[in-house]
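> According to the numbering used here, the residues represented by the sequence shown are 197 to 730, in order.
Got a structure for you, questions after.
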Amino acid sequence: MKKTLTRSLGAALAAMLCTAPAYAKRGGAHTLVADAYFQQVRLQWRASEAPKTLQWHDDYDYNGDGFINSDLQKAQVAYAGAKFTAEDLKGYVGQVVDGITFAQYRNVSKVTGLVYENGEVISQGVADRSKYEKNTTLKINLDSHVTIKENTEYIFAIKVEGGYNMDFVLMKDKTTDAPGKGDLYSTDGKTWVATGAGDYLVTANLVNKVDEAPTGYSVMMDGDFYNPADVTITSAPNKYSGVVEYTAIMNNVPVGNHQVYVSADYPDEHRLSSTACKVTILDFARSAPSAHYGYNTWAGDFKHVLVWTAPLTGGSNLTWGSAEATLSIGGSAAKDTKVWFRNVFTADDLTAFGTNAKITNIKTIFTEAVINSVKIFVMKDGVIDYAQDAADIELSAIQANKESTFALDTPYELTPGHTYAYGLYVTHTPKAHPIGVTGNVAVDGRGNTFSVTSPSSKGFEKTSPTWKTLKSGGIPGNWALYATVEDATTKKAPSGYTLARDGKVIASGITATSYTDEVPGPGRYVYTLTADYG
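Spelled out as structure tokens, the structure:
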């Protein structure tokens, strides 16, 4: 069995069940996605009357790519594209694209929006560069609107032109949710390469004439309304785009394959999303986390070594590091020296620990006994959800290069379906370097993030630290930071790994956590690693 996680793109056409008043323009929920964890399904969508888009990214401009230099006597050109197959667009047939929105960072000389239909450009438009503003998005109006056809593939793209040696001209988010679709790069607009490391912030804008908001929303599964007692619906603005998004948590979903809709409820009718999200619920015995890519090194000629970290296997120890510190770092402030350091775990990472795991204490290795204060914190979906000061007796027990333990007053339960982080906020003597770092392969962005942000004056829990990674500063490894969890399960390690290059399997049954690959020549390659469970 291979570890899989279903994430499907749903559609949002209005399915009229009865006649609406002539003055009202009603519609169903749209931009629907679904994730499944154990017996829980999480749905997200936008309101019927909200801006309607086709996009793979999450609106977060986390990173970016630059030009690949060719003829330095000419303007540099690069393309970023988002591909949608005919299957992706089944629920969007007949809808109209009127523009393409992109994220602005560098003030390039020209940006053109392009729509490809089965590989041919059928519409385009040029961005108004007088509206350039760093760290904002800008919509390009197409010269001619595009109606999405049945059984047709589309690429929505931008062509960027600028000067020599410019970086961050094509912005992307943090992770690639749609490999080979949301991460397409080209130098000529004809040959596309999947780049990985994030989906480009390229959005197709759909015409949405809905102007009447529904009174509420309901969830349907396999043709019936799902029990309202097992559904919790909330709404909040997207923290990057500001568009209000709805979230539904479905509990007690039975094992098996299901189709899930969202109903926009009006006083006299229900409007359904015309295409269901397909979700698969696995029992715990069949669910397992993924491995994490570490790094690759050159091995001569066209050979290079890929290295990764094995998936977590549950049990009582939750960490990316170990109990041995081979390096150490510290805050840089001359006074009030402070450091936040943490471990981050996605919902996928935590599947090995079951449905009832609770953090009871957090341990670390301080390489110097120069700690003035310690505050324990746990974050849920990026927000501090639990915090407490370490006890005086725990502070007085700190010794250099010895394990220090900080107990939670109340065990913290890790509910499936969420991203969690635990860590410590410490103040220490200036110019010291007491925070221990291990020598194992870095799980970048998960086992090595830190911050020197000051706590919010509105309260510690209101703080939104700015995080960096050890790797970005040239420091290898993860934190010597680990948590004890109770009521957790233990899973077997994977039986092996399967590695694919550009979508084609090049090796299977790999039992080590590294592999030496020889590529056919210079170029950019995208690897996919799958942990196999027998």
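Glycine included, C-beta positions come from ideal geometry on N, C-alpha and C.
#1: Which same chain residues, not among the five before or five after H614, have their C-beta less than 7 Å away from its C-beta?
#2: Is DSSP giving A565 helix, strand or coil here?
#3: Out of A425, V439 and P424, state which residue places its alpha-carbon closest to the alpha-carbon of S431.
#4: Which value, in whole angstroms, describes the spacing of the CA atoms of A679 and G527?
#5: For Y288, which three-state DSSP category applies?
#6: Does L591 come out as helix, strand or coil in the three-state DSSP assignment?
#7: Using the C-alpha atoms, what's the distance from F364 back to S660?
#8: Cutting at 7 Å between CB atoms, please list the residues of its own chain near Y721, excluding the five before and the five after it.
#9: So, does the stretch 585 to 595 touch the stretch 640 to 654, judging by three or more C-beta pairs under 8 Å?
#10: By how many angstroms is the C-alpha of N557 removed from the C-alpha of A603?
#11: Using 8 Å for Cβ pairs, my map puts F225 next to V475. What's the rounded Cβ distance?
#12: In angstroms with no decimal places, state the Cα-to-Cα distance between R203 and D497.
#13: Using 8 Å as the threshold, is the C-beta distance between G632 and I561 below it?
#14: Grouping DSSP H, G and I as helix and E and B as strand, with all else coil, what is K571?
#15: Could you tell me which whole alpha helix (DSSP H) segments of length 4 or greater appear in the stretch 284 to 342?
#16: Does the Cβ of T332 have 16 or more other Cβ atoms within 10 Å, making it buried, or fewer, making it exposed?
#17: If you draw a straight line from the alpha carbon of L508 to that of Y723, how long is it in whole angstroms?
#18: By Cβ distance below 7 Å, which residues in the same chain neighbour D728 in space, the five residues on each side in sequence not counted?
#19: May I ask you to verify whether the stretch 320 to 338 touches the stretch 275 to 288, counting CB pairs closer than 8 Å and requiring at least 3?
#20: With a threshold of 16 other CB atoms inside 10 Å of the CB of V681, please say whether the residue is buried or exposed.
#21: Run the CB neighbour count on K377, radius 10 Å, all protein chains shown included, and call it buried at 16 or more, exposed below.
#22: Three or more beta-carbon pairs under 8 Å between the stretch 377 to 394 and the stretch 333 to 343, yes or no?
#23: Quick one: any contact between the stretch 671 to 678 and the stretch 509 to 517, if contact means 3 or more CB pairs under 8 Å?
#24: Excluding the five sequence neighbours on either side, which residues of its own chain have a C-beta within less than 7 Å of the C-beta of D581, listed in chain order?
#25: Considering only C-alpha positions, which residue in the set A553, A530, V501 and P424 is nearest to T625?
#26: In three-state DSSP terms, what is D640?
#27: Could you please give the first and the last residue of the uninterrupted beta strand (DSSP E) stretch that includes F498?
From the atom records:
#1: A543, K576 and D577
#2: coil
#3: V439
#4: 23 Å
#5: helix
#6: helix
#7: 25 Å
#8: R697, D698 and V715
#9: no
#10: 4 Å
#11: Sequence inspection shows Ala at residue 225; the Phe mentioned does not correspond to that position. A225 to V475, Cβ: 16 Å. No contact.
#12: Confidence at R203 is low in this model, with a pLDDT of 33, below 50, so the placement of that residue should be treated as unreliable; the coordinate-derived value is given next. Spanning the two alpha carbons is a distance of roughly 38 Å.
#13: yes
#14: strand
#15: none
#16: exposed
#17: 21 Å
#18: K198, P690, S691, G692, Y693 and T694
#19: no
#20: buried
#21: buried
#22: no
#23: yes
#24: V574 and M575
#25: A530
#26: coil
#27: Careful: F498 lies outside any beta strand (DSSP E) and carries neither H nor E.
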